[in-house]
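Numbers 114 to 433, taken from the working numbering, label the letters of the sequence shown in order. Using N, Cα and C, we set each Cβ at its ideal position, and we do this for glycine too. Since this is a predicted model, take the numbers as computed values, not measurements. Some notes on the structure that comes next.
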Amino acid sequence: MYDTNSPLNNINVSFSDYVQRHATSMEAHLVNGVPDYSFSLDNELRKSMMKIPHFTSICKTITSSLVAQQIQILNQEGIAVGPNQFPEIYRMTADCAQKLGIGIPNVFIVNSPGEMNAYTIAADDSSPIVVLYSSIVERMTPGELKGVIAHECGHIHNNHSALQSVVNVILSSLGGSGIAGMVITLANIALMQFWTRAAEITADRAALICADDVQDVINMNSTLLTGGMIGKQYSVNLESLREQLEITLNNPSKVYEVLSDHPSSVRRVFCTMEFSECETFFQWRPDFKRYDAVVRTKEETDRRCQKLVNILDNVKGGIR
Ligand SMILES: [Zn+2]
């Protein structure tokens, strides 16, 4: 029976129209070819990194051999997620990819008792791979796990992945006699570390954009702090955690974080909270905007996050 008055008749079911509409809506989220939610510091540092002599040729040499090798190892040592293999995790991944407008990455789970980690492998000529350590899958709630997957999809969306692979190889080969060690100066190593930390903030923003609940992404970072051992009978008090962060911001020992490729999870919790009040976030997720929501511009959000990830200067006037 065909009801001519049904509103369902007006729904456009054409797949090509859907693809066109999707592509247009994703273009609306690009600024100079970069996703509009990206942390500005990430983009500034990436541009500086690309100016390092021979950097592009080092990238090509490293990624072409690394990716093939990694795929082989993952197929031998890990388990490939798919529609019939851990389908819940596959569905989470598909949802994140659809929200960000990227292809569904291949996901592998590898056995890693104790260590909570995830990373992405990509090169120009192969589809990206997300690797989840089994402890992450085991200890996180489904919402937190989706946050981790979305974070990795954010790295893919921002073309971080190939660069991250290269930076990791360069940093782990320092002191050796490899090509990287010969051409990369100490200043450039610091630049790479700065960039990887800024890129993490961008990826956490992608996690927020894909989340079913903002709190899941905040909890994801606090679970990385607690190792997930707290369980659901306890929760992290964010005010106390903020006091903890304020102590670290003006401690001279914080310069040691320069050697780290990730910002501390404490910093990440508060950078995530900052983006949850950003106008760009609400453009992606108007469904999360409450009538009394605090809304800041992207520039103001980036400025506040820059203060939160600052390692070299003392932070005056607090971080509120
Ligand atoms: Zn990351």
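- Boundaries cannot be given for THR254, as no alpha helix (DSSP H) includes it and DSSP labels it neither H nor E.
- Fewer than three pairs of CB atoms, one per stretch, sit closer than 8 Å, so the segment 194-203 makes no contact with the segment 160-177.
- When the five nearest sequence neighbours on each side are left out, the beta carbons in the same chain lying within less than 8 Å of the beta carbon of ASN281 are those of ASP374, in order along the chain.
- By the criterion of a C-beta distance shorter than 7 Å, LYS212 is surrounded in its chain by ILE322, CYS323, once the five residues flanking it on both sides are discounted.
- Every alpha helix (DSSP H) stretch that sits fully inside the segment 196-278 and reaches 4 residues is listed by chain position as 200-213, 247-252, 255-270.
- Per the coordinates, the alpha-carbon of GLY227 lies some 10 Å from the alpha-carbon of GLY341.
- In the pairwise beta carbon analysis, the segment 250-268 is classified as touching the segment 206-224: at least three pairs are separated by under 8 Å.
- Annotation for GLU313 indicates a beta carbon within 7 Å of some heavy atom of ligand 1.
- Spatial neighbours of LEU187 in its own chain (CB-CB distance under 6 Å, excluding positions within 5 residues in sequence) are listed in chain order as PHE221.
- Annotation: ARG403 to CYS418 spans about 22 Å, alpha carbon to alpha carbon.
- Going by C-alpha positions, ARG355 is about 21 Å away from ALA320.
- The secondary-structure analysis by DSSP pairs PRO148 across a beta bridge with LEU143.
- For ILE269, the closest of CYS391, THR339, VAL244 by C-alpha to C-alpha distance is VAL244.
- In the displayed model, ILE302 falls within a helix according to three-state DSSP.
- Within the chosen limit of 7 Å, ligand 1 reaches the beta carbon of ALA316 through at least one heavy atom.
- LEU299 is classed as exposed because its beta carbon has fewer than 16 other beta carbons within 10 Å across all chains shown.
- A Cβ-Cβ contact shorter than 8 Å links MET386 with ILE331.
- ASP329 has its alpha-carbon roughly 22 Å from the corresponding atom of PRO148.
- Taking 8 Å as the cut-off, the Cβ atoms of VAL349 and THR361 do not count as close.
- Nearest to GLY216 by alpha-carbon distance, out of ASP415, ASN271, THR254, THR414, is ASN271.
- Between the alpha carbons of ILE234 and ASN145 lies a gap of roughly 25 Å.
- Less than 8 Å divides the Cβ of VAL408 from the Cβ of PHE395.
- DSSP places ALA193 in the uninterrupted beta strand (DSSP E) bounded by 191-194.
- In the DSSP annotation of this structure, the continuous segment of the alpha helix (DSSP H) that includes CYS418 starts and ends at 411-422.
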